[in-house]
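Trainee: The structure's right below; bear with me while I get my questions together.
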Amino acid sequence: MKHINKKLAALFLVLVVAVGATACGSTIGDMDIAKGESAVYIQEDGKVSYGVAEKFDKDYYDESKLEDTINKEVADYNDGNKASVKNAITVDTFKVKSDVATLVLEFATTYDFSTYIKEYNKVESNEFFMGKIADNSDCKIKGDFTSPDKKKDATTKEIKAMEDANILIIKGKYKVQLDEDVKYISSNCSVDDDGIVTTDDSDENLSYIVY
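Taking the working numbering, the leading residue of the sequence shown gets 609, the next gets one more, and so forth.
So, in structure tokens, the structure goes:
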């Protein structure tokens, strides 16, 4: 995971890669992604965009081989019995420019995004969840929560009681944009003036976004 080539060869999508924005990257929603950054955009219709940009500056890196690996991985998922619909995952963007490789994937549903992340990228079930709070059974919900405008606070007990609300639980640093209103974020998250949430960059702590 620490070695960049290993990251890229492992499909470049492993969700523990970090997040960001620059002119030579790509755009997801209202977010630009640049070298060393990752982003998740959860749309109102349930579609999810995921992007990552990483250094690609060694002579032995093979752009064509990486692209073939990505396309094969996506095809394997789409042809398998886990995909919820035809073409559940599509490659929106893959490019290498100025020694930065950028990949953007489009997922037809939050289910396909969650399933792909857990099963293909081997993310532990207690480190990632996206869905209704009532359906979460593996990830612990704990900590202090506040509304994006910091006018309201909520306890862990109050968050757990919001069973019909959705929650994103994730480990690592990401930019996250949601079309729906964000109700609460955990205290280790920040939100900018455009409503973009940035999660904690620690590999130890989970971040929570309630929407």
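Glycine residues also receive a C-beta, built at the ideal position from the N, C-alpha and C atoms. Just so we're clear, the structure is a prediction, and the values are computed from it rather than from any experiment.
Could you check the C-alpha separation between residue 777 and residue 678 for me, to the nearest Å?
Mentor: In a straight line, the C-alpha of residue 777 is about 25 Å away from that of residue 678.
Trainee: Can you find at least 3 beta carbon pairs, one from the stretch 682-699 and one from the stretch 707-716, that sit closer than 8 Å?
Mentor: yes
Trainee: Can you grab the Cα-Cα spacing for the pair residue 803 / residue 652, in whole Å?
Mentor: 15 Å
Trainee: Can you name, in chain order, every residue of its own chain whose Cβ lies under 6 Å from the Cβ of residue 752, other than the five neighbours on each side?
Mentor: 795
Trainee: What residues in its chain sit with their C-beta under 8 Å from that of residue 746, if we drop five residues either side in the sequence?
Mentor: 733, 734, 737
Trainee: Indicate the three-state DSSP secondary structure (helix, strand or coil) for residue 725 in the structure shown.
Mentor: helix
Trainee: Would a C-beta distance cut-off of 8 Å place residue 741 and residue 766 closer than the cut-off?
Mentor: no
Trainee: Can you tell me whether DSSP reads residue 709 as helix, strand or coil?
Mentor: strand
Trainee: So, helix, strand or coil for residue 647, using DSSP?
Mentor: strand
Trainee: Are the beta-carbon atoms of residue 791 and residue 815 separated by less than 8 Å?
Mentor: no
Trainee: Tell me which residue opens and which closes the beta strand (DSSP E) that residue 815 is part of.
Mentor: 814-818
Trainee: Work out the CA separation of residue 726 and residue 662 for me, nearest whole Å.
Mentor: 21 Å
Trainee: Cα-Cα, which of 683, 801, 667 is closest to residue 728?
Mentor: 683
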